[in-house]
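In the working numbering, the protein residues as written are 574 to 683. Idealized CB from N, CA, C, for every residue including glycine. A short write-up of the structure that comes next.
This is the structure we're talking about:
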């Protein structure tokens with residue numbers, strides 16, 4: 574994705590946002606017309622996924638302990654941790670992109 578202000582940056586931001594949401598979101602004309610709304614939908618979708626990963630991590634040991642071997646439970650825990658980290662990073666990215674789409678500019682501070 575190109576940084577805000579670069580030529581064609583908004584197109585690359587929209588493409589990245591669409592990569593975060595289910596493919597059916599592309600069928601909604603309103604999301605294609607208003608990228609800031611797409612960012613809102615993407616933020617909501619990523620937040621729901623992050624909450625699902627957190628819930629899974631908290632409950633998988635208890636709920637599946639008698640159905641999976643210990644090594645599978647541990648692998649599931651690692652997968653939930655990795656997915657949670659990925660989604661948390663995506664959520665931060667969506668916040669930044671949404672701000673840029675609204676015209677906010679980030680200024681580095683020492």
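For residue i, name the three-state secondary structure that DSSP assigns.
{"i": "residue 607", "result": "coil"}
{"i": "residue 662", "result": "helix"}
{"i": "residue 657", "result": "helix"}
{"i": "residue 643", "result": "helix"}
{"i": "residue 578", "result": "coil"}
{"i": "residue 589", "result": "helix"}
{"i": "residue 682", "result": "coil"}
{"i": "residue 618", "result": "helix"}
{"i": "residue 675", "result": "coil"}
{"i": "residue 596", "result": "helix"}
{"i": "residue 649", "result": "helix"}
For residue i, which residues in the same chain have their Cβ closer than 7 Å to its Cβ, ignoring the five residues on either side in sequence?
{"i": "residue 612", "result": "590, 667, 670, 671 and 674"}
{"i": "residue 649", "result": "633"}
{"i": "residue 614", "result": "594, 598 and 604"}
Look at the Cβ atom of residue i, then the Cβ atom of residue j, and state whether they are nearer than 8 Å.
{"i": "residue 603", "j": "residue 610", "result": "yes"}
{"i": "residue 660", "j": "residue 626", "result": "yes"}
{"i": "residue 598", "j": "residue 629", "result": "no"}
Ignore the nearest five residues each way along the sequence and tell me which others in residue i's own chain have a CB closer than 8 Å to its CB.
{"i": "residue 608", "result": "583, 586, 587, 590 and 674"}
Please report the distance separating the alpha-carbon of residue i from that of residue j.
{"i": "residue 645", "j": "residue 657", "result": "18 Å"}
{"i": "residue 578", "j": "residue 647", "result": "44 Å"}
{"i": "residue 676", "j": "residue 641", "result": "50 Å"}
{"i": "residue 631", "j": "residue 623", "result": "12 Å"}
{"i": "residue 662", "j": "residue 636", "result": "28 Å"}
{"i": "residue 639", "j": "residue 601", "result": "43 Å"}
{"i": "residue 759", "j": "residue 665", "result": "Look at the range of the chain in this structure, 574 to 683, and you will see that residue 759 is not part of it."}
{"i": "residue 678", "j": "residue 596", "result": "29 Å"}
Say yes only if the C-beta of residue i is nearer than 7 Å to one or more non-hydrogen atoms of the ligand ADP, and no if none qualify.
{"i": "residue 611", "result": "For the structure depicted, the ligand ADP is absent and the ligand set is empty, with no information on it obtainable."}
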